[in-house]
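In this note's numbering, the protein residues as written are 1 to 409.
We treat Cβ as the ideally placed atom computed from N, Cα and C, and that holds for glycine.
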Amino acid sequence: MKDDGYKMTDASYRSPDAQGYYGKFGGAFIPEMLYPNVEELRTRYLEIMHEAAFQKEYHTLLKDYVGRPSPLYLAARLSAKYNTQIYLKREDLNHTGAHKINNTIGQILLAQRLGKRRIIAETGAGQHGVATATVCALKGIECIVYMGEKDIERQAPNVARMKMLGAKVIPAVSGSKTLKDATNEAIRDWINNPSDTHYIIGSVVGPHPYPDMVARFQSVISEETRAQLKEKTGNELPTHVIACVGGGSNAAGAFYHFLDEGSVQLIAVEAAGEGVHSGKSAATTQLGKPGVLHGSRSYVMQTEDGQVVEPHSISAGLDYPGIGPLHAHLYASGRATFLSATDTEALVAAFELTRLEGIIPALESAHAIAALGQLQLNEKDTVVLCLSGRGDKDMATYMLAMEEGRDHE
Numbered sequence: 001m002k003d004d005g006y007k008m009t010d011a012s013y014r015s016p017d018a019q020g021y022y023g024k025f026g027g028a029f030i031p032e033m034l035y036p037n038v039e040e041l042r043t044r045y046l047e048i049m050h051e052a053a054f055q056k057e058y059h060t061l062l063k064d065y066v067g068r069p070s071p072l073y074l075a076a077r078l079s080a081k082y083n084t085q086i087y088l089k090r091e092d093l094n095h096t097g098a099h100k101i102n103n104t105i106g107q108i109l110l111a112q113r114l115g116k117r118r119i120i121a122e123t124g125a126g127q128h129g130v131a132t133a134t135v136c137a138l139k140g141i142e143c144i145v146y147m148g149e150k151d152i153e154r155q156a157p158n159v160a161r162m163k164m165l166g167a168k169v170i171p172a173v174s175g176s177k178t179l180k181d182a183t184n185e186a187i188r189d190w191i192n193n194p195s196d197t198h199y200i201i202g203s204v205v206g207p208h209p210y211p212d213m214v215a216r217f218q219s220v221i222s223e224e225t226r227a228q229l230k231e232k233t234g235n236e237l238p239t240h241v242i243a244c245v246g247g248g249s250n251a252a253g254a255f256y257h258f259l260d261e262g263s264v265q266l267i268a269v270e271a272a273g274e275g276v277h278s279g280k281s282a283a284t285t286q287l288g289k290p291g292v293l294h295g296s297r298s299y300v301m302q303t304e305d306g307q308v309v310e311p312h313s314i315s316a317g318l319d320y321p322g323i324g325p326l327h328a329h330l331y332a333s334g335r336a337t338f339l340s341a342t343d344t345e346a347l348v349a350a351f352e353l354t355r356l357e358g359i360i361p362a363l364e365s366a367h368a369i370a371a372l373g374q375l376q377l378n379e380k381d382t383v384v385l386c387l388s389g390r391g392d393k394d395m396a397t398y399m400l401a402m403e404e405g406r407d408h409e
């Protein structure tokens with residue numbers, strides 16, 4: 001959020017242009033009914049976010065409610081296995097169990113200042129839904145969460161949390177019944193309720209200004225990382241930053257204050273599902289081509305005639321056929337390296353971290369851990385891996401994996 005010490009340049013990767021484009025990706029492709037809402041956000045979000053009162057309330061809540069700063073933990077046994085220095089940025093220790101709360105607190109404060117009385121959201125893994133329901137309970141605002149019927153079944157603990165927090169959870173029963181379809185339903189709701197409703201998008205996707213707004217709220221991750229690394233190692237720049245990517249909000253936050261530091265290798269890890277070319281994958285940069293999805297131009301998994309291809313991942317939070325426009329630009333420009341991990345590789349990595357460090361990661365985060373074996377690392381490297389969430393929500397999947405003997409290579 002604070003740009004202290006970070007000087008913007010014309011060549012910066014960190015902000016889109018006035019039309020919301022990162023290179024060739026971004027923009028705002030929206031129905032006419034949504035134009036007033038999106039235009040109101042576009043013209044006011046930076047002004048509101050930079051107000052002293054907003055900054056004070058936001059950072060106070062991050063400290064006293066979320067529990068920030070989240071620790072930067074040297075994972076000694078994991079480091080020894082890969083013969084390098086691996087630090088875990090512990091977003092799993094935030095209130096509600098993931099990085100999503102950084103963004104929902106910022107957006108609920110923004111919505112209040114815009115006079116909105118009703119909040120809608122979409123969710124895949126349920127973490128964004130829980131984080132949205134949490135801040136709506138905190139502020140006493142009505143909350144409706146759209147979630148794919150398939151995700152409701154596989155993320156039952158988070159559904160229960162949302163309902164306990166007072167949110168109404170509405171299943172999306174079309175298409176693949178996952179995150180894409182939940183997003184479609186949320187957009188339909190917004191079109192029908194444009195005046196009193198704010199849509200809290202959970203990732204760096206959607207029409208401008210959402211990708212920039214969400215990235216700014218999540219940038220607290222890399223802001224803290226720089227200061228913490230400086231304290232621990234004497235150098236605020238790591239050699240590598242690794243994060244999983246679906247839409248890409250935790251990666252955007254983990255990368256943000258390193259985007260213009262050319263010496264830092266940025267590693268984004270997508271979900272390969274049952275294999276990149278298996279027909280059941282969510283590796284968008286490998287399988288997609290430029291197109292428009294949910295209000296912005298990016299890489300989209302699609303057929304020759306432009307129909308969206310149904311994605312697949314064992315992790316509900318990575319089960320998305322697109323990618324945020326910032327990440328599309330990082331991929332197209334070569335600034336970031338995009339890797340992928342299969343369902344099986346993610347499961348193995350999750351058990352590896354659990355048994356080496358006593359930390360049970362979310363399946364989404366496990367994809368980032370799985371990429372460690374794909375990198376050429378040495379003892380002089382300093383690796384920061386964003387542990388975007390904890391694994392409580394995925395225990396049913398982990399238990400099944402143990403029963404089937406899929407918990408090891």
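7 Å CB neighbourhood of Tyr58 in its chain, flanking five on each side removed: Met1, Ile105, Gly106 and Leu109
Within the same chain, show all residues whose beta-carbon is closer than 7 Å to that of Pro157, passing over the 5 residues directly before and after it, in chain order. Asp392 and Lys393
Ser333 in three-state terms, based on DSSP: helix
State the Cα-Cα distance for the pair Ser176 and Lys230, rounded to the nearest angstrom. 45 Å
Pro63 bridges to which residues according to DSSP? The sequence given here places Lys at residue 63; Pro does not occur at that position. Note: Lys63 sits in no beta bridge, so no partner.
Cα-Cα, which of Gly275, Gly322 and Thr134 is closest to Gly26? Gly322
Enclosing beta strand (DSSP E) for Gly273 [first to last residue]: Gln265 to Gly273
Tell me which residues share the same chain as Asp196 and place their Cβ nearer than 7 Å to its Cβ, disregarding the 5 neighbours each side in the sequence. Lys116, Arg117 and Arg118
Member of Val205, Ala76 and Arg68 whose CA lies at the smallest distance from the CA of Gly295: Val205
At 4 residues or longer, what runs of the alpha helix (DSSP H) sit wholly inside the region 45-122? 52-61, 76-82 and 100-113
What are the partner residues of His240, as DSSP defines its beta bridges? Gln265 and Val383
If we count the other Cβ atoms within 10 Å of its Cβ and call it buried at 16 or more, is Thr183 buried or exposed? buried
Span separating the alpha-carbon of Met33 from that of Gly20: 19 Å
Could you tell me the distance, in whole angstroms, from the CA atom of Pro451 to the CA atom of Leu375? The displayed coordinates of the chain run from 1 to 409. Any statement about residue 451 would go beyond what the structure contains.
Determine which residues share a DSSP beta bridge with Gly358 and list them. Its beta-bridge partners do not exist; DSSP assigns none.
Three-way DSSP call (helix, strand, coil) for Arg188 in this model: helix
Distance, Cα to Cα, Ile86 vs Leu347? 19 Å
Rounded to the nearest angstrom, how far is the Cβ of Val241 from that of Phe255, given a contact under 8 Å? 6 Å
Tell me whether the region 66-78 and the region 349-368 touch, counting them as touching only if at least three CB pairs, one residue from each stretch, are closer than 8 Å. yes
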